[in-house]
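Colleague:
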Amino acid sequence: MKRYILAAVAAVGLAGTGVSAATLDGTFWDAPANTFSNINDAISYATSNTADATFVSTGIDYGDGPGFGIGTLGDFLNADAGSITAGAGSTNFQESVLKLTGQVALNFGDTINVTSDDGFRLFVDGSVLSEFIGLRGPNNTSSATWAGASGVYSTTLWYFEGQLTQAQFVSNLGDFAVAPIPIPASALLLLTAFGGLGAMRRRRKAA
Ligand SMILES: [Ca+2]
Ligand SMILES: [Ca+2]
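My numbering puts the first residue of the sequence shown at 859, with every later residue one more than the last.
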C-alpha cells in the first residue's frame, strides 16, 4: 500500500517537472517580396512553407523600437531574441509571418489587445476572436472581449509584416498564458493514480 502511494506521489512529481514557464511558442517564416498584403495570404504562405526559425515568447512587445524600423527577426523580438533557433532560411523581417501558440487562462470579460503593423488573426479555442486583415501603420490597436466561460483555452495568434516600411507587434495575450499542465491536471493525475490503486486492490481481492 505504502509503495503504491509513493508511486502516485512520484507520478505527480514528474508532472510537476513537465510544467514549463507560462510562455507561448513562436514560429517565423520569411517570405519573398510582394508575396502577401493580408493575413489570409500570409497564413496560407506559412502553412505551405517550411518555417525559418522558432523562438519562445515571454511577452509580446515586439518591433516597438525607434521608428518601428525593420531589420532581422532578432531586432524585432527585443527581449526574446536570445531564444531564436534559426534554420537554414533567412531571418530578414521584411515581409514575414509570425505564429504564436499556447494556452491561456481567460475569465469572462477579459480584454485582449493587439497593436500591430501589419495585420493579425487571434484564435481562442479554435475560433477567431479578433483580427485585422490588411496593412496598417504602427500604434493601431484592435481589442476584443472574451465572452465565453472562464477557463483554460488553446490559442493561436498569427501576425504578418507586409510591404510597408515599419513593423510592430504588441499584445497582452502573453499575460494570460498558462503552463501546458496546470495544477488541476496534476491533481487529476493524483486522483487517477489512486483510482488505479483501488482497481489494483479490487483485482487482487478477486484473484
Ligand atoms: Ca521577406
Ligand atoms: Ca509593415
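Note that CB positions come from ideal geometry on N, CA and C, so glycine has one too.
1) Does the separation of the CB atoms of V955 and T1013 fall below 7 Å?
2) Measuring alpha carbon to alpha carbon, tell me which residue in I942, A1025 and G967 is nearest G1009.
3) Would V986 be called buried (16 or more neighbouring beta carbons within 10 Å of its own) or exposed?
4) Along the chain, which unbroken stretches of the alpha helix (DSSP H) at least 4 residues long are found entirely within the segment 915-944?
5) Assuming E989 and I928 are in contact, meaning their beta carbons sit under 8 Å apart, how far apart are those beta carbons, in whole angstroms?
6) Locate the beta strand (DSSP E) running through A971, then write down its first and last residues.
7) Below 8 Å on the Cβ atoms is my guess for A911 versus G945; work out the distance and round it to an integer in Å.
8) Within a Cβ cutoff of 7 Å, which residues of the same chain sit near P996, ignoring the five residues on either side of it in sequence?
9) In this structure, how does DSSP classify G876 when only helix, strand and coil are distinguished?
10) Pick out every residue whose C-beta is nearer than 7 Å to a heavy atom of ligand 2: which are they, in chain order?
11) In the DSSP assignment, the alpha helix (DSSP H) including A815 goes from what residue to what residue?
12) Less than 8 Å between the CB atoms is what I'm expecting for T969 and T999, so what's the real figure, rounded?
13) Sort L993, T943, N950 and F1018 by Cα distance to S902 and report the nearest one.
14) So, is the C-beta of L987 closer than 7 Å to a C-beta in chain B?
Modeller: With the structure as the only source:
1) no
2) Of the listed residues, the one whose Cα sits closest to G1009 is G967.
3) exposed
4) Listed in chain order, the complete alpha helix (DSSP H) runs (minimum 4 residues) inside the segment 915-944 are 931-935.
5) Wrong, their Cβ atoms sit about 22 Å apart, outside the cutoff.
6) For the sequence presented, residue 971 should be read as Asn rather than Ala. Taken as a continuous stretch (DSSP letters only), the beta strand (DSSP E) holding N971 covers T969 to D975.
7) 6 Å
8) Within the same chain, P996 has close Cβ partners F926, D975, Q1024 and Q1026.
9) Caution applies to G876, whose pLDDT of 43 falls short of 50 and renders its modelled position unreliable; the value that the coordinates give is listed next. Helix, per DSSP.
10) D975, D976, L993, E1019, G1020, L1022, T1023, Q1024 and A1025
11) Absent from the model: residue 815. The displayed extent of the chain is 859 to 1065, so no value can be given.
12) Distance from T969 to T999 at the Cβ level is roughly 11 Å; contact not present, criterion being Cβ atoms closer than 8 Å.
13) Checked all of L993, T943, N950 and F1018; the closest Cα to S902 is F1018.
14) The chain labelled as chain B is not found in the depicted structure, where only one protein chain is given.
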